[in-house]
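Working notes for the structure below.
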Amino acid sequence: MGRITVEEDEILQRFDHLVGSGVVLYDNREVVPFSKDGFHFLFFVAPSLSKKPLTHGGQTDPPNGNDSSGQGEEKATATTNAAVEEPPPQRLFEPGSDISTVGFEICDVGAAHRLVANKFCFTRPMLLLMTRDGFKRQHDPLEAPDLAAAWAVLRAMRTSHFVFYNCGEPSGNSRLHRHVQLTRRPEGFTTFLDHGDGEQQPSVPFMYFREPLMRKGKEEEEGRSTPVTGESLAKVYGKLLDRVEAASSFRWDGPGTSCPHNLVMTQHWMAVIPRRRAVWEGLSTNALGMLGLVGVASREEADKWIRVGPLEVLGQFGIPRGS
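Take the sequence shown: its letter number 214 is residue 214 in the UniProt record's numbering, and every next letter is one higher.
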C-alpha cells in the first residue's frame, strides 16, 4: 500500500503557496447551481481555464501540461554557447512522460507515485497523483499499485474528497502519462452515486456501475476489520469493468482499453461511468462533470450548458442505457 507522510492542511498550504506565487492558476469567480430531475450541477466559472491546452486523448509531443491543463508553457531546449559555460537545463519531463512536475510537487506517495498540483484549477485543491514511471499510459485501466496510492491519499484527507480517473480518449483525458486526480467535495454537495445500492436511477441519462467499499461484513460484526488494499480495490474495479463490457456494446478502437470510462472513488464507494465521446456541441468534460461538477471558462459557457440541457449533454458523453 502506498504511503503519504503529509496531512491535508500541509497539502492545502502548499497548494495555496503555488496559487499565490502564480504557478497554479485558481481563479474561481462564480459558482452557478442548476438542478434537473433531482440531478444537481455546479458550474465553476474560472477564466484561467480558457488558457489550458485542449488535447483530448494526449499527444506524442504536447505542450508541457497535465490533464486538461498545461504545467508551464513549453519544453526546455538545450542550447550551447562556446564562450560561456552554462549549467545543463533542468529536465522537465521524466522519460516517457508528457507531464512536467517541476515546481508543482506536493509529496511522494510510496516509491511509485508522486502527488503534484494541477496548474489550471476550478476547485481547491486540484491534485494529480502520477506514476513515477512515465511510460504508464492513461488509456490503460488502473493497476493495483495505482489504486493503493490513490486510497492512501484519500484516507489522508480529513474532509471528503473525490478520486477520479479518465481512461481513454472519450473519457475526457488529454495526456498520455497515467495520473489519477483528486479534489475536495464541495460542502453539502451530493451526487447520484451517493445514494442507493448501485441501481440505475431514472434521472441519470447514462450507464454507470457502482460498488460499495468497506462493506460491513461478518468479520467487522465480530470486531475484526477488513483492510482495504490495492488488490482488493483492483478486484472491485475489475468487477465494475466486467459489468460495463456485459452491459454495453460500445467499443473504442483507439489505443488501450476498448471500453473508455471515468472511474470515481470515495472512501465509501467506487463507480465506473463508460464514455463514448469527450466533446459534443463544443462542450467537454471529464469524470467530475459526469457527477455534475463542471469547470467552465466563462459565464457564457455555463449558460450554454444550461441552454442545451446539462442532462442531454451528459447523455451524449456517456453510454445510453440498453446500447
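Beta carbons are placed, not taken as given, at the ideal position from N, Cα and C, and that holds for glycine.
{"Item": "By DSSP, does tyrosine 237 sit in helix, in strand, or in coil?", "Value": "helix"}
{"Item": "Return the CA-CA distance between glycine 188 and histidine 40, expressed in angstroms with no decimal places.", "Value": "11 Å"}
{"Item": "List, from N- to C-terminal side, the beta strand (DSSP E) runs of 3 residues or more that fit wholly inside the UniProt domain \"Ap4A phosphorylase 1/2 N-terminal\" (106 to 184).", "Value": "113 to 117, 126 to 131, 161 to 167 and 179 to 184"}
{"Item": "Alpha carbons only, please: which of Leu154, Phe120, Ser174 and Cys107 is nearest the one belonging to arginine 137?", "Value": "Ser174"}
{"Item": "Taking only three categories from DSSP, how would you classify proline 62?", "Value": "Because the pLDDT of proline 62 is 38, which lies under 50, any placement of that residue in the model is unreliable, and the number read from its coordinates should be weighed accordingly. Three-state DSSP puts proline 62 in coil, outside helix and strand."}
{"Item": "Output the distance between the C-alpha atoms of proline 227 and valine 6, rounded to the nearest integer angstrom.", "Value": "21 Å"}
{"Item": "Could you pull the start and end residues of the alpha helix (DSSP H) that alanine 271 belongs to?", "Value": "Counting along the chain, alanine 271 falls outside any alpha helix (DSSP H), though it belongs to the beta strand (DSSP E) covering 269 to 274."}
{"Item": "Bridge partners of lysine 36, per DSSP?", "Value": "Phe39"}
{"Item": "Excluding the five sequence neighbours on either side, which residues of its own chain have a C-beta within less than 7 Å of the C-beta of asparagine 201, listed in chain order?", "Value": "Note on identity: in this sequence residue 201 is glutamine, with asparagine being the wrong assignment. The answer, listed in chain order, is Phe192."}
{"Item": "Among Ser100, Glu143 and Asn118, which residue has its Cα nearest to the Cα of alanine 112?", "Value": "Glu143"}
{"Item": "Assess, as a yes-or-no matter, whether the segment 10 to 23 is touched by the segment 283 to 302 under the definition of 3 or more beta carbon pairs within less than 8 Å.", "Value": "no"}
{"Item": "Name the DSSP bridge partner or partners of histidine 261?", "Value": "Cys167 and Pro274"}
{"Item": "Is it right to say alanine 302 is buried, meaning 16 or more other beta carbons lie within 10 angstroms of its own, or is it exposed?", "Value": "buried"}
{"Item": "Which word fits serine 97, buried or exposed, when buried means at least 16 other C-beta atoms lie within 10 angstroms of its C-beta?", "Value": "buried"}
{"Item": "Histidine 268: buried (16+ other C-beta within 10 angstroms of its C-beta) or exposed?", "Value": "exposed"}
{"Item": "When the Cα atoms are used, what is the spatial distance from serine 298 to isoleucine 306?", "Value": "13 Å"}
{"Item": "If you follow the alpha helix (DSSP H) that valine 313 is part of, which residue opens it and which one closes it?", "Value": "310 to 317"}
{"Item": "Which residue comes first and which comes last in the beta strand (DSSP E) that contains arginine 210?", "Value": "209 to 212"}
{"Item": "Do three or more CB pairs link the segment 270 to 283 to the segment 175 to 183 at distances below 8 Å?", "Value": "no"}
{"Item": "Considering just the uninterrupted stretch of the alpha helix (DSSP H) at leucine 49, what are its terminal residues?", "Value": "Neither: leucine 49 is in no alpha helix (DSSP H) and is coded neither H nor E."}
{"Item": "Is it right to say alanine 150 is buried, meaning 16 or more other beta carbons lie within 10 angstroms of its own, or is it exposed?", "Value": "buried"}
{"Item": "Please name the residue or residues paired with phenylalanine 44 in a DSSP beta bridge.", "Value": "Val31 and Gly295"}
{"Item": "Using the three-state DSSP reduction, which class does tryptophan 305 fall into: helix, strand or coil?", "Value": "helix"}
{"Item": "Looking only at its chain, what residues have a beta carbon closer than 7 Å to the beta carbon of phenylalanine 122, apart from the 5 residues adjacent to it on each side?", "Value": "Asn28, Phe44, Ala46, Leu49 and Gly295"}
{"Item": "Under the rule that 16 or more other beta-carbon atoms within 10 Å means buried, what is serine 248, buried or exposed?", "Value": "buried"}
{"Item": "Kindly list the residues whose CB is nearer than 6 Å to the CB of methionine 126, restricted to its own chain and excluding five residues on each side of it in sequence; keep chain order.", "Value": "Asn118 and Thr183"}
{"Item": "Output yes or no for whether 8 Å exceeds the beta carbon distance between phenylalanine 120 and leucine 42.", "Value": "no"}
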